[in-house]
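The working numbering numbers the first residue of the sequence shown as 19 and each following residue consecutively.
We treat Cβ as the ideally placed atom computed from N, Cα and C, and that holds for glycine.
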Amino acid sequence: MRRVLTLLVMVAVVTIAATSQNMYLGPSVVFKGGTNAGNIPEGTKTAANFNGIPDIGLTFKWMFDKESSLGFLFDAEYATYSFRMRPEDENFANDDNTLIYKPSYISFSPGLYFSGVTLNVAFGFPSGMNVQSVSGNEDTFFEVTQQDLNAPSVEIRLGGMIRAIKSDLGEFNVVLRAGYMVTGMYQPDYFTNNGFDDSYNPNIVSAGIGINYLFNLANL
C-alpha cells in the first residue's frame, strides 16, 4: 500500500512539473466604463460612465500543450461597473438629477484563450453599491443597497490578451475586454417591492483596457 501511495505521489509530482511548463499566473488591472443596455423607462435616458476604480485581480492561464494556441483562463477580481441615468428632457436634466450607479463585485471568471482571443463567463458576488448624483449628492430619491443586487450576476466577456513582452520569467500582456451582464442588476423583487416593472432591470454593458503580467510557474 505504501508503495502504491509513493508511486501516486511521484506521478502527481511529475504531472504537475510537466504541466507547469504551460501554466501562468499573475496580477491584472483593467480600466473600464459602462452603460445600461437594458430597457430604459420612458422619460429617462442612459449614458456611459467611466469607472473611477479599475478591476484588480489575478489571472491564471493554462495552455493545453507547449505548442498549442488554445488554453484555459481563470480570472479572480474585484470588479466595478457604472452607468448614468438622467431625465430625457435636456432642459430639465442637470448634475443634481443625473445619477451614477456604481455596483461592485467579487468576480470569478472561467474561460478559454485562443490565439490571443478570450471568452469568459463571469460570476459576480456583490461587494458594494453606491448611487449618487453627478454633483456628488448621495441623498437620492430612492435607496439601493448591496442586498438589492442579483447574486450571482452573470456576465459574458469577449476580449483579447495581446502579448507585448515575453521572457523566461513570464509575459506582459495588453488586455482588451467587453462585457454584457446577462442577469439584471437588481433582484427581481426589488422592482416589485418598489412598484417598478422588472423589464426595466438594468443590463450593464462595459468595455475596458488594461494590462497583466503572468509569471511562468515553471520558472519560479
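Inter-residue Cα distance where the pair is residue i and residue j
i: N221; j: S153; result: 24 Å
i: L238; j: G197; result: 33 Å
i: G296; j: L91; result: The structure shown does not extend to residue 296, since the chain is modelled only from 19 through 238, so no value can be given for it.
i: L130; j: G51; result: 23 Å
i: E85; j: G75; result: 27 Å
i: F110; j: R104; result: 9 Å
i: I180; j: N148; result: 33 Å
i: N112; j: S125; result: 34 Å
i: E161; j: A236; result: 50 Å
i: G188; j: N54; result: 37 Å
i: T24; j: P121; result: Low per-residue confidence applies at T24: pLDDT is 47, beneath 50, and the placement is therefore not dependable, though the value from the model is reported in the following sentence. Going by the C-alpha atoms only, they are around 50 Å apart.
i: A30; j: D83; result: Its pLDDT being 42, under 50, A30 is placed unreliably by the model, and nothing is read from it.
i: V32; j: N40; result: Residue placement at V32 is poorly supported in this model, since its pLDDT is 39, which falls under 50; the coordinates are not used for a value here.
Cβ-Cβ separation, residue j to residue i (assumed contact under 8 Å), whole Å
i: F143; j: Y119; result: Their Cβ separation, rounded to whole angstroms, is 18 Å, which puts F143 and Y119 out of contact at 8 Å.
i: R102; j: N155; result: The pair is not a contact, with the Cβ atoms about 14 Å apart (cut-off 8 Å).
i: N230; j: S46; result: 4 Å
i: G177; j: T136; result: 5 Å
i: S100; j: F132; result: Not a contact, Cβ separation roughly 30 Å.
i: M81; j: G89; result: 4 Å
Residue from the options with nearest C-alpha to residue i
i: D2; options: Q150, G178, G226; result: Look at the range of the chain in this structure, 19 to 238, and you will see that residue 2 is not part of it.
i: S151; options: F132, G70, D114, N69; result: D114
i: F49; options: L194, F141, Q164; result: L194
i: D207; options: N112, N219, V200; result: N219
i: V200; options: A169, W80, N40; result: A169
i: I174; options: N138, L167, Q165, N148; result: N138
i: S171; options: N148, S127, K84; result: S127
i: E223; options: M41, G56, Y42, G89; result: Here residue 223 turns out to be Val, not Glu, going by the sequence shown. The residue with the shortest Cα to Cα distance from V223 is G56.
i: F141; options: G70, S217, A65, M203; result: M203
i: G146; options: P105, D166, G134; result: D166
i: Y42; options: K79, G89, G70, T53; result: K79
i: F190; options: T77, A65, N54, T53; result: T77
i: A108; options: Q164, A65, G134, N40; result: The sequence given here has Glu at residue 108, not Ala. Comparing Cα positions, the closest option is A65.
i: G134; options: E161, T163, V192; result: V192
i: Q205; options: T163, L232, N40; result: T163
Closer than 8 Å to chain C by CB, residue i
i: Y218; result: The structure shown contains no chain C; it holds only a single protein chain.
Distance cut-off 7 Å: residue i Cβ against heavy atoms of the ligand ZN
i: N155; result: With respect to the ligand ZN, the structure offers nothing, as it holds no ligand at all.
>> Three or more C-beta pairs under 8 Å: does that hold for the region 205-212 against the region 172-186?
In response: Short answer: they don't touch.
> Quick check: the region 85-100 against the region 54-64, are there 3 or more CB pairs under 8 Å?
Replying inline: Flag = no, the region 85-100 and the region 54-64 do not touch.
> Can you list, in chain order, the stretches of the beta strand (DSSP E) that have 3 or more residues and sit fully within the region 109-135?
Replying inline: Fully enclosed beta strand (DSSP E) runs of 3 or longer: 117-132.
>> Going residue by residue through the region 154-214, where are the continuous alpha helix (DSSP H) segments of at least 4 residues, counting only ones entirely within it?
In response: Those alpha helix (DSSP H) runs which fall completely within the region 154-214 and span 4+ residues are 206-211.
>> Extract the residue ranges of the beta strand (DSSP E) inside the region 57-109, only unbroken runs of 3 or more that lie entirely within it.
In response: Uninterrupted beta strand (DSSP E) stretches at least 3 residues long and entirely within the region 57-109 occur at 62-65, 73-81, 88-98, 101-105, given in chain order.
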